[in-house]
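Numbering (the working numbering), first residue to last: 360 to 460.
Structural data, given as structure tokens:
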């Protein structure tokens, strides 16, 4: 019974908080408030709803401050590797050169 309480009240909010990038205390508070308002369904949807509201708030603040709301998206993609056919063609040409020598 004690282990179940520890897992339910300490471990689960911490794991959800790391996954959703929200502080564990906020997840726990949101679960308590949602449980009092909506019961079991509120507990189930509290963490995803909190993460959605947090993301929406961060997006709104970034837009209001004229910043890019998705700074990670600006990274340059890695250069495209040659297609399979191009690699096979290069390999075949290299083999032909070896045979001629």
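Heads up, the beta-carbon is just placed ideally off N, CA and C, and yes, glycines get one too.
Through-space distance from residue j to residue i, alpha-carbon basis
| i | j | result |
| --- | --- | --- |
| residue 456 | residue 449 | 11 angstroms |
| residue 439 | residue 394 | 49 angstroms |
| residue 382 | residue 425 | 26 angstroms |
| residue 430 | residue 453 | 43 angstroms |
| residue 365 | residue 384 | 15 angstroms |
| residue 421 | residue 411 | 15 angstroms |
| residue 443 | residue 392 | 55 angstroms |
| residue 447 | residue 427 | 42 angstroms |
| residue 441 | residue 459 | 26 angstroms |
| residue 362 | residue 378 | 22 angstroms |
Residue burial classification, residue i (beta-carbon count within 10 angstroms, cutoff 16)
| i | result |
| --- | --- |
| residue 409 | buried |
| residue 390 | buried |
Among the options, nearest to residue i - alpha-carbon criterion
| i | options | result |
| --- | --- | --- |
| residue 387 | 459, 397 and 376 | 376 |
| residue 373 | 406, 443 and 420 | 406 |
Coil, strand or helix - residue i by DSSP
| i | result |
| --- | --- |
| residue 416 | helix |
| residue 381 | coil |
| residue 363 | helix |
| residue 426 | coil |
| residue 421 | helix |
| residue 395 | helix |
Check whether the stretch 393 to 405 and the stretch 414 to 429 touch, using three or more Cβ-Cβ pairs below 8 angstroms as the test.
no
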